[in-house]
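The structure appears right after this line, and notes come after that.
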Amino acid sequence: MNKILFTLLLLPFLTFSQNSYNMGLIGTYEWNSTEGNDIWGWVSPISEDEYALVGLKDGFACVNVSSPSNPTLEFQIADINSTWRDVKTWGNYAYVTTEADAGLLIVDLTDMTGNTNWHVSNFTNPTTGASVEFTAAHNLYIDENGICYIFGASSATGSSPSDGAIFLDVAANATAPHYLGEWNEHYIHDGMVRGDTMYAGCIYAGELYVVDVSDKNNPSTLGAHSTPNNFTHNAWISDDGDFVFTTDETSDAYLAAYDITDCNNIQEVDRIQSNPGSSSIPHNTHVDGNFLITSYYRDGTTVHDISQ
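Under our numbering, the very last position in the sequence shown is 325; numbers go up by exactly one each time.
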């Protein structure tokens, strides 16, 4: 039986059983026939209801968590089986990547039947005519300007999309995003963007990369730094923009912090393990104000105070 744990924050989830500290379980929604792999949050601008958008091994689901003690399934979309899916939103649309060669799933969240959705794999810049095609991707991020960054893309049809980052404009056309450019120095497993800067977890290079993406046709690397266990899974920036936090997705790995005030000279300033010697693996870390919230294999979720 697979459970989604709804805590006070909607974050990437992990099924676990251990004692909790300063954190309480509010409610659960259970799937008996599938597994979950990602979660994101969305608030309806019309009803103000809150939803958990859930990547499943066999598709995508929308769960109403407005009453967190009693979450209810709104709809579920069946899709090709995949261990990996990732979900982000722009406006009233959810965007879902998968490594199952199903393209980019776009879901209109104003239709709570789930019937209004598209699978898109070809993207074109209407001004330049440049285009890209991908059928699979590991991850994605959508910034505050409506630019969608596709990470770890590949194709089953013979084309060669960048497996670094592909830039799509979902603000210009939510259901047929425009292709803007790409960065292809390394494979990116996960990343995030603020302003004109991308922070990328280049897992196989074992490094955090900081990239200027102000010119989508010509992104440029600002700096890079190896992470403690050389298997950089994700990266997230502090609210003040001075620090980046990373995870390495391997046993007994560290959650690490870096001073990025000078991207030409990135400095590691701290690192911590959840439970040394337990073989616990950190997965994703996110910043929420003065708190750093990290999901782990086995160790559940940790919250660290990063105000100092």
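Here a beta-carbon is modelled for each residue, glycine too, at the ideal position from N, C-alpha and C.
Since the model is a prediction, treat every value here as computed from it, not as a measurement.
Legend entry - Burial state of T214, where buried means 16 or more other Cβ atoms lie within 10 Å: Taking a 10 Å sphere around the C-beta of T214, we find 16 or more other C-beta atoms and assign the residue as buried.
Inset, instruction - Can you tell me which of the three DSSP states N39 falls into? - result: Here N39 sits in coil by DSSP.
Legend entry - Cβ pair R211, I164 closer than 8 Å: Not a contact, by the Cβ cut-off of 8 Å.
Legend entry - For E266 and R315, the rounded distance between their alpha carbons: Taking the straight line joining both Cα atoms gives about 12 Å.
Legend entry - Rounded C-alpha distance that separates I167 from D257: Cα atoms of I167 and D257: separation of roughly 25 Å, rounded to the nearest angstrom.
Inset, instruction - With DSSP as the reference, label N281 as helix, strand or coil. - result: N281: helix per DSSP, three-state reduction.
Inset, instruction - Indicate, with yes or no, if the ligand MN has a heavy atom lying under 7 Å from the CB of S171. - result: Although the ligand MN was asked about, the structure shown includes no ligands whatsoever.
Inset, instruction - With a 10 Å radius around its C-beta and 16 neighbouring C-beta atoms as the bar for buried, classify T278 as buried or exposed. - result: Counting the other CB atoms within 10 Å of its CB gives T278 a total below 16, which places it among the exposed residues.
Inset, instruction - Would you tell me roughly how many angstroms separate the C-alpha atoms of S231 and L309, rounded to the nearest one? - result: Distance from the CA of S231 to the CA of L309, rounded to the nearest whole angstrom, comes to 27 Å.
Legend entry - Cβ shell of T133 (< 6 Å), same chain only, five flanking positions each side left out: Cβ within range, chain order: D125.
Inset, instruction - Rounded to whole angstroms, what's the CA-CA distance from H155 to T100? Just pull it up for me. - result: Each residue's alpha carbon lies about 10 Å from the other.
Legend entry - Rounded separation between N201 and F151 - CA only: One alpha carbon belongs to N201, the other to F151, and they sit about 14 Å apart.
Legend entry - Local Cβ density within 10 Å of E47, reported as buried at 16 or more and exposed below that: Using a 10 angstroms sphere on the CB of E47, the tally of other CB atoms stays under 16, which defines it as exposed.
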